[in-house]
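Structure record follows, encoded as structure tokens.
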Amino acid sequence: MTTATVDEAPVAVVPDRFWDRHRRLGAAVAALGLLAAVLFGGLAPAEPARFTLSENAEGAAWEIDGRFGAILFGVLALAAGAALLAGVARRFSTLLLAAGIGCFVLSFLCWQVAGAFMPLVDTASGSLALALPLILGATAGVLGERSGVVNVAIEGQFLMGAFFAAMVGTLATSVWAGLLSAAVGGVIIAGMLAVLAIRFLVDQVVVGIVLNLFAAGVTGFLYERLMQQDQQTYNQPPRLPTWRIPGLADIPVIGPVLFDASALVYIALAAVVIVHVALLRTRWGLRTRAVGEHPTAADTVGIRVRGLRYTNVLIGGLVAGLGGAFFTLVATGSFTKNMTSGAGFIALAALIFGRWTPFGALGAALFFGFAQKLATYLSAIGSSVPSEFLNMLPYLATLVAVAGLVGRVRAPAADGKPYVKA
Amino acid sequence: MRPVRGKRIFAALAAGGLTLAAAACGEAPAENTGSNGGASAAPTYSACMVTDVGGIDDRSFNASAWAGLQAAKAAAPNIDAKNTSSTAEADYEPNLRAYVTQKCNFILAVGGLMGTATGKIAKESPDQQFAIVDAAVPDASNVFPMQFATEQAAFLAGYLAAGYSKTGKVGTFGGLKIPPVTVFMDGFADGVAHFNKVKSKNVQVVGWNKQAQNGTFAESFTAQDKGKSITDTLVAQGADVIMPVAGGTGLGAADVAKGSAGKVAVIWVDTDGCKSAEQYCDTFLTTVVKNITGAVEEAATKGAKGEPLTATPGYLGTLENEGVSLAPYNQFDSKVDPALKAEVDKLKADVIAGTVTVTSANSPKK
Numbered sequence: 000m001t002t003a004t005v006d007e008a009p010v011a012v013v014p015d016r017f018w019d020r021h022r023r024l025g026a027a028v029a030a031l032g033l034l035a036a037v038l039f040g041g042l043a044p045a046e047p048a049r050f051t052l053s054e055n056a057e058g059a060a061w062e063i064d065g066r067f068g069a070i071l072f073g074v075l076a077l078a079a080g081a082a083l084l085a086g087v088a089r090r091f092s093t094l095l096l097a098a099g100i101g102c103f104v105l106s107f108l109c110w111q112v113a114g115a116f117m118p119l120v121d122t123a124s125g126s127l128a129l130a131l132p133l134i135l136g137a138t139a140g141v142l143g144e145r146s147g148v149v150n151v152a153i154e155g156q157f158l159m160g161a162f163f164a165a166m167v168g169t170l171a172t173s174v175w176a177g178l179l180s181a182a183v184g185g186v187i188i189a190g191m192l193a194v195l196a197i198r199f200l201v202d203q204v205v206v207g208i209v210l211n212l213f214a215a216g217v218t219g220f221l222y223e224r225l226m227q228q229d230q231q232t233y234n235q236p237p238r239l240p241t242w243r244i245p246g247l248a249d250i251p252v253i254g255p256v257l258f259d260a261s262a263l264v265y266i267a268l269a270a271v272v273i274v275h276v277a278l279l280r281t282r283w284g285l286r287t288r289a290v291g292e293h294p295t296a297a298d299t300v301g302i303r304v305r306g307l308r309y310t311n312v313l314i315g316g317l318v319a320g321l322g323g324a325f326f327t328l329v330a331t332g333s334f335t336k337n338m339t340s341g342a343g344f345i346a347l348a349a350l351i352f353g354r355w356t357p358f359g360a361l362g363a364a365l366f367f368g369f370a371q372k373l374a375t376y377l378s379a380i381g382s383s384v385p386s387e388f389l390n391m392l393p394y395l396a397t398l399v400a401v402a403g404l405v406g407r408v409r410a411p412a413a414d415g416k417p418y419v420k421a
Numbered sequence: 000m001r002p003v004r005g006k007r008i009f010a011a012l013a014a015g016g017l018t019l020a021a022a023a024c025g026e027a028p029a030e031n032t033g034s035n036g037g038a039s040a041a042p043t044y045s046a047c048m049v050t051d052v053g054g055i056d057d058r059s060f061n062a063s064a065w066a067g068l069q070a071a072k073a074a075a076p077n078i079d080a081k082n083t084s085s086t087a088e089a090d091y092e093p094n095l096r097a098y099v100t101q102k103c104n105f106i107l108a109v110g111g112l113m114g115t116a117t118g119k120i121a122k123e124s125p126d127q128q129f130a131i132v133d134a135a136v137p138d139a140s141n142v143f144p145m146q147f148a149t150e151q152a153a154f155l156a157g158y159l160a161a162g163y164s165k166t167g168k169v170g171t172f173g174g175l176k177i178p179p180v181t182v183f184m185d186g187f188a189d190g191v192a193h194f195n196k197v198k199s200k201n202v203q204v205v206g207w208n209k210q211a212q213n214g215t216f217a218e219s220f221t222a223q224d225k226g227k228s229i230t231d232t233l234v235a236q237g238a239d240v241i242m243p244v245a246g247g248t249g250l251g252a253a254d255v256a257k258g259s260a261g262k263v264a265v266i267w268v269d270t271d272g273c274k275s276a277e278q279y280c281d282t283f284l285t286t287v288v289k290n291i292t293g294a295v296e297e298a299a300t301k302g303a304k305g306e307p308l309t310a311t312p313g314y315l316g317t318l319e320n321e322g323v324s325l326a327p328y329n330q331f332d333s334k335v336d337p338a339l340k341a342e343v344d345k346l347k348a349d350v351i352a353g354t355v356t357v358t359s360a361n362s363p364k365k
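Residue numbers (numbering that gives the first Met the number 0), protein chains in the order written: chain A, 0 to 421; chain B, 0 to 365.
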């Protein structure tokens, strides 16, 4: 009997550098905390900052003195950074990082809101609404890219989805028909992407860009020829209903935002969870990841690489098409030319910022939505921070993420590479 | 070998696309010699319009300018009107130059964003007649500027909004922070300030600070969902009359108003909202109208008759010459207090007479 002793396989010795990732992050968070305590605390007026638990100035509110709050949360962020730096509680490093950044944001808010009020429900639901298409778009991106097909055409899929939702929704006077055809619209673009990228091996980024232009052209043309002539017949879709979950909807702040929300919110969150579970726990998910990382190896064990890629890109198109429905069935009740205004590209950024994972993409999308909503809010209360600065925050965050500051960001190895059987 | 085939097919597709695009751009040249059978047979006067990135159907200034050319054409059949849409700022110069090549008699550039491009092309072809809406091109005698003292009409709107508001807060936001947009917001803020002065009230403006020249902007003229999000924010801050100066983005504000069960009203801009976005008519308190249509029609008609279009002073729309105005109250007619209406009318007369002056750093220089 010879039993192989796997345990004794040589373990690669990682050099124990002092300035590892945790310490570098800790130093950055500590610096941010210090900046917050000194700068925000110094600038904040000693006036109460009110965070109301409603959509406007009414109702219950948390109140804190602006200067005190700015300094308090700045010091807390500093403490979190210091803990990371000192190397204590390594297991909770992600939590510490989140707490540090959260306290930094709170410190900033205390400074800005001092002397005014921030309606939390409006802020949260606005962030979610702005994030909603990004969540679906980035999830669509995950589906394609994890199997090795770069999807730059999310913008085009949004636009087709938005257009089809408005058009069919109006003609059929059924919002569900609209939603369904939004998915079909996304799948049409995805199908073209799949055929050109997988069958004809055209550069995927180039195809994506061309498809975006194509979608803008087609929808723009049909809009001018049909919708603009007769808005009543072609461009007044019904709106997706709002579903209220009894009980849960009564929780302050979270209730009205998450449990008294548009049907698409539930669809988007379900999509994220389903894709996450499917990617990590099912045969399809394992094969998808294999095909995205090493298609040749996957092929040799009998996985149909191209077939799987087709499937994934098409499902991605379906999800992105649903994201497009947000623009016409949820946000507003009509289609206009180029109304997606680049949201597809921000979804792409959310995908990268979220490190090609469904939950990462969800987090990134929510962060981008929050940054946009915050920019609007700050400009509305007459903040001294230029709104241009806040508007560029999502892109700045993406750059930081791609530069590798928030951990290793690595695309699937075969991402963007067409598979040719040797 | 497969990659090669793929690329070849792609190249063929791309080439096909280019050909189509070229075919679409290259419309048949205007027949300048054309005698259209009539006895009067005036030579065809081709009026060619280049839109800015908003496109021909922006329900706002591009659409208004095009309506002006159409109206001129209806009045004088020898005018041949055509347009081309710019989809990006990089299109301005090529589009303008294409019309120079086609020997248009009158090339109209629409929008303040096109000023630089128009100036450049106008210098290249000094004998060509140009016109531009919402901008002036200094020292180019062949560019006829059509500008609007929009702050005067926006001033009336601000006064009206302040008087109509029940919450004591009114809001405004813009598409981009550029003078043709902020001039509305300046006038609006001044109108509210004037109301406060006359009535000793304290109505606040959310979304624009005239002194600091800082406010809320959507960074887009097409993103309705952003317009909606911004309006939600302004309403959360307590504003109940909103003036979006953001083209299609502003439709998001109308959507919020529609869902508010009459609590929020919108003041539309450029063209009477009940005509340009009629599905939202029940949300429009009024519209700050820039009569771009009238100005363009007049200029094109004058040009077709052979009258000179002199670059200085050009055209400046004011309350006095009805170049800018407040639209009718439409469905809000019964909801606005008659006394307030009278005050607004009186204020209009005062502005025309010069007893009340409205200023804005963003207004076109006379």
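Where a beta carbon is used, it is the ideal one built from N, C-alpha and C, also for glycine. Please read all numbers here as calculations on a predicted model, not as lab measurements.
Item                                                                                                                                                                                       : Value
Taking only three categories from DSSP, how would you classify residue 340 of chain B?                                                                                                     : helix
To the nearest angstrom, how far is the alpha carbon of residue 130 of chain A from that of residue 181 of chain A?                                                                        : 18 Å
Pop quiz: residue 154 of chain A and residue 316 of chain A are said to be a contact at Cβ under 8 Å. What is the actual Cβ separation, rounded to whole angstroms?                        : Incorrect: roughly 12 Å between the Cβ atoms, too far for contact.
Residue 111 of chain B and residue 42 of chain B look like a contact to me (Cβ under 8 Å); what is the Cβ gap, rounded to whole Å?                                                         : That belief does not hold up - the Cβ atoms of residue 111 of chain B and residue 42 of chain B are roughly 32 Å apart, past 8 Å.
Between the segment 63 to 78 of chain A and the segment 94 to 107 of chain A, do at least 3 Cβ pairs fall closer than 8 Å?                                                                 : yes
Answer with buried or exposed for residue 424 of chain A, where buried requires no fewer than 16 other C-beta atoms within 10 angstroms of its C-beta.                                     : This structure leaves residue 424 of chain A out entirely; chain A is present only between 0 and 421.
Spell out the partners DSSP gives residue 424 of chain A in its beta bridges.                                                                                                              : This structure leaves residue 424 of chain A out entirely; chain A is present only between 0 and 421.
Who are the near neighbours of residue 338 of chain A in its chain, counting only those whose CB is closer than 7 Å to its CB and skipping five residues on each side?                     : 161, 326
Assuming residue 241 of chain B is part of the alpha helix (DSSP H), what are its boundary residues?                                                                                       : Residue 241 of chain B -> not in any alpha helix (DSSP H); beta strand (DSSP E) instead, spanning 240 to 244.
What beta strand (DSSP E) runs, 3 residues minimum, are completely inside the segment 62 to 100 of chain B?                                                                                : 78 to 83
Counting only the same chain and skipping the five closest in sequence on each side, list residues whose C-beta sits under 7 Å from that of residue 234 of chain B.                        : 255, 263
Using the beta-carbon of each residue, which ones in chain B are nearer than 8 Å to residue 326 of chain A?                                                                                : 223, 224
Report yes or no: is there a C-beta of chain A within less than 8 Å of the C-beta of residue 361 of chain B?                                                                               : no
Can you find a C-beta in chain A that's less than 8 Å from the C-beta of residue 216 of chain B?                                                                                           : yes
Specify the secondary structure class of residue 312 of chain B as computed by DSSP and reduced to three states.                                                                           : coil
Name the two residues that bound the continuous alpha helix (DSSP H) containing residue 357 of chain A.                                                                                    : 357 to 379
May I ask which residues mark the beginning and end of the beta strand (DSSP E) holding residue 106 of chain A?                                                                            : Careful: residue 106 of chain A lies outside any beta strand (DSSP E), inside the alpha helix (DSSP H) at 92 to 112.
For my contact list, residue 197 of chain A and residue 305 of chain A are in at a C-beta cut-off of 8 Å; report their separation, rounded to the angstrom.                                : 5 Å
Step through the CB atoms of chain A and report whether any lies within less than 8 Å of the CB of residue 251 of chain B.                                                                 : yes
What residues from chain B crowd round residue 379 of chain A, counting only those whose CB sits closer than 7 Å?                                                                          : 205, 206, 215, 232, 233, 236
When DSSP labels each residue in this structure, what does residue 302 of chain A get in the three-state scheme?                                                                           : coil
Going by DSSP, what residues sit across from residue 183 of chain A in a beta bridge?                                                                                                      : Partner(s): none; residue 183 of chain A has no beta bridge.
Give the residues from the segment 211 to 228 of chain A that approach chain B closer than 7 Å (Cβ to any Cβ), ordered along the chain.                                                    : 223, 227
Taking 8 Å as the threshold, find out whether the segment 197 to 207 of chain A comes into contact with the segment 293 to 303 of chain A through three or more Cβ pairs.                  : no
Look at the alpha carbon of residue 328 of chain B and the alpha carbon of residue 253 of chain B, and state the distance between them as a whole number of angstroms.                     : 15 Å
Excluding the 5 residues preceding and the 5 following residue 107 of chain B in the sequence, name in chain order all residues of the same chain whose CB lies nearer than 6 Å to its CB. : 48, 130
Under 8 Å, Cβ to Cβ, is there at least one residue of chain A near residue 210 of chain B?                                                                                                 : no
Would the segment 344 to 362 of chain A and the segment 214 to 225 of chain B be scored as touching if the rule is three or more Cβ pairs under 8 Å?                                       : no
Can you list, in chain order, the residues of the segment 349 to 377 of chain A whose Cβ is nearer than 7 Å to any Cβ on chain B?                                                          : 372, 375, 376
Taking the alpha helix (DSSP H) that residue 274 of chain A falls in, what are its first and last residues?                                                                                : 262 to 280
Going along the chain, which residues of the segment 112 to 125 of chain A sit with their C-beta nearer than 7 Å to a C-beta in chain B?                                                   : 118, 121, 125
Which stretch, first to last residue, makes up the alpha helix (DSSP H) that contains residue 269 of chain B?                                                                              : That residue, residue 269 of chain B, is in no alpha helix (DSSP H); its beta strand (DSSP E) goes 264 to 269.
Within its chain, find whatever has a CB closer than 7 Å to the CB of residue 18 of chain A; leave out the 5 residues flanking it on each side and keep chain order.                       : none
If I measure Cβ to Cβ from residue 151 of chain B and keep anything under 8 Å in the same chain, skipping five residues before and after, which residues do I get?                         : 186, 317, 318, 323, 350, 357
Is residue 278 of chain B close to chain A, meaning its C-beta is less than 8 Å from at least one C-beta of that chain?                                                                    : yes
Taking 8 Å as the CB-CB cut-off, is residue 164 of chain B touching chain A?                                                                                                               : no
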